[in-house]
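A.B. asks: Let me begin by handing over the structure; questions about it come next.
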Amino acid sequence: MAAAACVLAATSVPAPAKTVRVFTVANRLRTADIVSYQTFRDKMFAMMDAAFPGRASLVQAGVDDVASHIQPADPLAPPDVLVNFPEDVGLAPAFIGSRGAAARAASLSSQAYLSMFNTYQKPIRFYRALYRAHPADIPAQVVLGVTDTVYRAFYETFRDLAMTYGVYVSAGANLPEARVVTQAEDPDTYDALIDPDERGVRNYVYMATSPIVYNSTFLFMPDGEVFVQLEDGSVTSAPMGTGGILRGTTNKVYLTPPELQLLKLSDAPIDEFDVLDTPLGRLGFVISKDAWMIDINDRLAARHAHLLVQSEAFSTWAFQEDPWDPDIFKQGGYNNLQKHADFLYNVAPSLTGNLFDVTFDGQSAILGKAAKGPLGPLDGTNAWIGQNPVGGFLAVAPWVVPDPGIADPLLTLAERRAALVADGVKLLPGSGVACPDPLAWGPCENGYRESVLWADLELPDGLDVLTAPDSTPPVATSFGPSVQVNDEDDSSPASQSAPRIVADGDRLYVVWQDTREGRDAIYAAMSADGGLTWTADVKVSDNAPGSTTELLPSMAFHRDPKTGVATLYVAWQELAANGVGSARVQLARFDEQLTKIGGDVRVDDADGVGKWSPLVTTVRRKGVPLVVWVDERDLGPEGSVFEHLRVARSRGRLGSDGRPQPAFRPSRLVVRKKELDPLAVGLANEWAPALVRADRRLALVWLDYRDYNWDVYAGVSGRSGLRFKPRTGLRLDDSQEFERLNSHPAVAYDDGSGTLIAVWSDQRERHPDTDIFGATSTDR
């Protein structure tokens, strides 16, 4: 076969873009800032505005602000502004007021919550009566009981910041959905929920409309409304467009152990997680742990997220040398930003400070793609502490002391980290090292630093991330010159992604995801000469152009060994017409000339639920099509939704053309039994399937979160392809590290030796880099 390198070429016409000035605002937790609603409000306004009265007594010296870098103070500033506060910036305000006074004086979080349980008895009893299934855990009852307090402090403050400065503001809090109830409307509810400090002053309360509390990010718009994208993709706002219901913009899916075990928060349904198509651009909000999760990032990449907002309340930073927490942090947003082509920027505002015996630390950062070229010496702007320089840092907050490697480049990494830890442990509660004044920062108890960072980011106006033409001459390779597969599309900017290829001798077939219709659609092309030339693009589906979002295609080719009849199968997932929400898995058939045979065929058997990552193959001599996909029909506790693998096979009857007729049987679960880690009860997800024919059977490899880690599992089917064994799946990776992050397995089978080989990206050592691990089996 002739040597050729085949590429999908995006248009060379740059897509329209807008400049968005993006900020991170990271306050340090301080008891003095949560004495009252006014003290909390003053703190947040002072962080925003250097001209705020008395700022010197509220914010650390040398901290930048937002107001001086936006219009009207800066007339040259872009009009689009996004200000990002950290995850859990709304946590400490729960302890505001006289009811929180004893809690604020506590040294342990358990003591604080016990105190709040006593002082919040009226709202706690109210919610017990309203929601019979309310949990008995004290912290969980307190979290629901403080709904009015937190909405009053958090919601009103950040709403007013957005309105006062005419900007978009994101901020995080643990809250249920709620609505405003006035004293005149319902005196009993008002009496049960009103803060005694504001009785007679405030004539309304915020009442939880659900007992389910999420870790939420609220995106406040310049008019004070909260940006809301509904399940059907339409955009509205809260409370005006939600019937008076207040809710966050997005909710955290993967919770940490303290959130699950102490606060009893709920894992958000993953089927509600999506890219937000905002006036600023296509945003993906990944709240802390979500930034590490394989399925979350794959979903955002498939739907063209361009800016990821990674709000953080990271617990540690430099309290121990191994594992090194900035390395763990780098595994998340930074690594995924470099990995996915459509991800352009990551913005990570990080909360700092001690709250009772709980610590929060981190260096806020604004990140872009790492460019090739010299990195220069370590200087505090090109790495987090205790790391070597890397590209991609647009702005990074300083830590309490500079990295000693800046002053002494001869220090080893281990020596630098040891010196940083010696200072870091002095920040801890009870360290005994007092700070010289309440706003001081440095190696002393609660001496964390505050920061405000900003950068101007160019965000595409639409789906496509397109670049100017590459004017450099081609580079000679052993494969020969690259050949463009898709049609030239310079006159109509579009991008191509997710290509898949199969071969039958010199015939090659390529299928891909394409944005030429204004939505993602599936297109294909064929080469009859080993990839030297290609046919015109062929639209795969029967959908009218631009009517349906089509994603993540896969292909299988079968030639009947007796009749020689050839069939190309293409499977893909569809989303609802607006590009979000649930839809279906579809299959199309083509002959070897890439002429379509019949119409599209639906593979899945459940309406109203999401499906992802379909893989098609064939079984039996006749080449009966079989499809495996990730399905969201199975429900977990408190409304959570599982990602579970399902398989469906055509019935196999032959048509008059000698090809199997694609009429699919009801689907089956791949994994039929699981033992779950208690932390994964609402998160027992399966993702990233890889499939190969192994003799007359099928081998399936996937990622599985049943143990609160992304582990690699496998199963082998019988000849039917419908029942995989063992019924639990068989774990392949062998690491015991907590929070393992394996990703994207691949699998192959050697017919001669009967050896099955699986490989995957493995991040078992909690370092920022990954390795490729593999496992083999010769058990036929």
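The sequence shown stops at residue 1298 when you use our numbering, and every number in between is there. Just so it is clear, CB atoms sit at the ideal spot from N, CA and C, and this is done for glycine as well. None of the values given here were measured: they were computed from a predicted structure.
Hey, how far is the Cα of P1132 from the Cα of M634?
C.D. replies: 49 Å
A.B. asks: Comparing the C-beta of Q838 with each C-beta of chain B, is any distance below 8 Å?
C.D. replies: The structure shown contains no chain B, having only a single protein chain.
A.B. asks: When the Cα atoms are used, what is the spatial distance from Y673 to A786?
C.D. replies: 20 Å
A.B. asks: If you run the structure through DSSP and keep just helix, strand and coil, what is A932?
C.D. replies: Residue state, collapsed to three classes: helix.
A.B. asks: Is DSSP giving G900 helix, strand or coil here?
C.D. replies: Checking the displayed sequence, the identity of residue 900 turns out to be Asn instead of Gly. N900 falls in the coil class under three-state DSSP.
A.B. asks: If you drop the 5 nearest sequence neighbours on each side, which residues of the same chain put their C-beta closer than 6 Å to that of A478?
C.D. replies: Lying before the first or after the last residue shown, residue 478 is absent from the chain, which here runs from 519 to 1298.
A.B. asks: Does F1256 pass the burial test, meaning 16 or more other C-beta atoms within 10 Å, or should it be called exposed?
C.D. replies: exposed
A.B. asks: Which value, in whole angstroms, describes the spacing of the CA atoms of V1145 and T1033?
C.D. replies: 25 Å
A.B. asks: Given a threshold of 16 other Cβ atoms within 10 Å of its Cβ, counted over all protein chains shown, does P844 qualify as buried or as exposed?
C.D. replies: buried
A.B. asks: Identify, in the order they occur along the chain, each residue of the same chain with its Cβ nearer than 6 Å to the Cβ of A1101, setting aside the five sequence neighbours on each side.
C.D. replies: E1092, L1093, A1094
A.B. asks: Which same chain residues, not among the five before or five after D1005, have their C-beta less than 7 Å away from its C-beta?
C.D. replies: The residues are A1054, D1055.
A.B. asks: Is it buried or exposed for G1236, if we count other Cβ within 10 angstroms and need 16 for buried?
C.D. replies: Exposed, since its Cβ has fewer than 16 Cβ neighbours within 10 Å.
A.B. asks: Specify whether the region 1279–1286 and the region 1240–1250 touch according to this definition: at least 3 beta carbon pairs, one from each stretch, less than 8 Å apart.
C.D. replies: No, the region 1279–1286 is not in contact with the region 1240–1250.
A.B. asks: Applying the criterion that 16 or more other CB atoms from any shown protein chain within 10 Å of the CB defines a buried residue, is G871 buried or exposed?
C.D. replies: Its Cβ being crowded by 16 or more others within 10 Å, G871 is buried.
A.B. asks: Relative to the C-alpha of A544, which candidate in P895, T1113, D1152, E605 has its C-alpha closest?
C.D. replies: E605
A.B. asks: I'd like the span of the alpha helix (DSSP H) that includes D813, first residue to last.
C.D. replies: 812–820
A.B. asks: Hey, could you find the ends of the alpha helix (DSSP H) V731 is sitting in?
C.D. replies: The continuous stretches of alpha helix (DSSP H) do not include V731, and DSSP gives it neither H nor E.
A.B. asks: For P956, which residues from the same chain have a beta carbon less than 8 Å from its beta carbon, with the 5 sequence-adjacent residues on both sides left out?
C.D. replies: R548, A550
A.B. asks: Among the residues of its own chain, which have a CB less than 7 Å from the CB of D1287, if the five just before and after it don't count?
C.D. replies: If the five residues before and after D1287 are omitted, its C-beta is found closer than 7 Å to no C-beta atom of its own chain.
A.B. asks: Using the three-state DSSP reduction, which class does E839 fall into: helix, strand or coil?
C.D. replies: Correct three-state label for E839: coil.
A.B. asks: Going by DSSP, name the residue or residues bridged to V543.
C.D. replies: V970
A.B. asks: When the Cα atoms are used, what is the spatial distance from L662 to A1217?
C.D. replies: 47 Å
A.B. asks: Counting Cβ pairs, one atom from each stretch, are 3 or more of them under 8 Å apart for the region 890–897 and the region 907–918?
C.D. replies: yes
A.B. asks: Tell me which residues share the same chain as A527 and place their Cβ nearer than 7 Å to its Cβ, disregarding the 5 neighbours each side in the sequence.
C.D. replies: Its pLDDT being 45, under 50, A527 is placed unreliably by the model, and the measurement read from it follows with that caveat. Contacts found: Q1002, N1004.
A.B. asks: Based on the DSSP secondary-structure assignment, which residues constitute the bridge partners of P978?
C.D. replies: A535
A.B. asks: Exposed or buried, what is Q838 when buried is set at 16 or more other beta-carbons lying within 10 Å of its beta-carbon?
C.D. replies: Around the CB of Q838, fewer than 16 other CB atoms lie within 10 Å, so the residue is classed as exposed.
A.B. asks: Starting from K857, trace the alpha helix (DSSP H) both ways and give me its first and last residue.
C.D. replies: 851–857
A.B. asks: Are S1045 and L1069 closer than 8 Å when you measure CB to CB?
C.D. replies: no
A.B. asks: Between which two residues does the alpha helix (DSSP H) containing K640 stretch?
C.D. replies: 639–648
A.B. asks: So for Y772, helix, strand or coil by DSSP?
C.D. replies: coil
A.B. asks: Closest to Q1179 by C-alpha separation, out of G1128, G1116, L1209, would be which residue?
C.D. replies: G1116
A.B. asks: To the nearest angstrom, report how far apart K782 and L1197 are at their CA atoms.
C.D. replies: 11 Å
A.B. asks: Could you check whether P694 and T665 sit closer than 8 Å to each other, using their CB atoms as the reference points?
C.D. replies: yes
A.B. asks: Taking only three categories from DSSP, how would you classify V752?
C.D. replies: Residue identity check: residue 752 is Ser in the sequence provided, not Val. In this structure, S752 counts as coil in the three-state DSSP scheme.
A.B. asks: Hey, T637 and R650 are a contact pair by Cβ (cut 8 Å); roughly how many whole angstroms apart?
C.D. replies: The beta-carbon separation of T637 and R650, rounded to 24 Å, does not stay under the 8 Å limit for a contact.
A.B. asks: Within the continuous alpha helix (DSSP H) that includes E674, where are the two ends?
C.D. replies: 674–683
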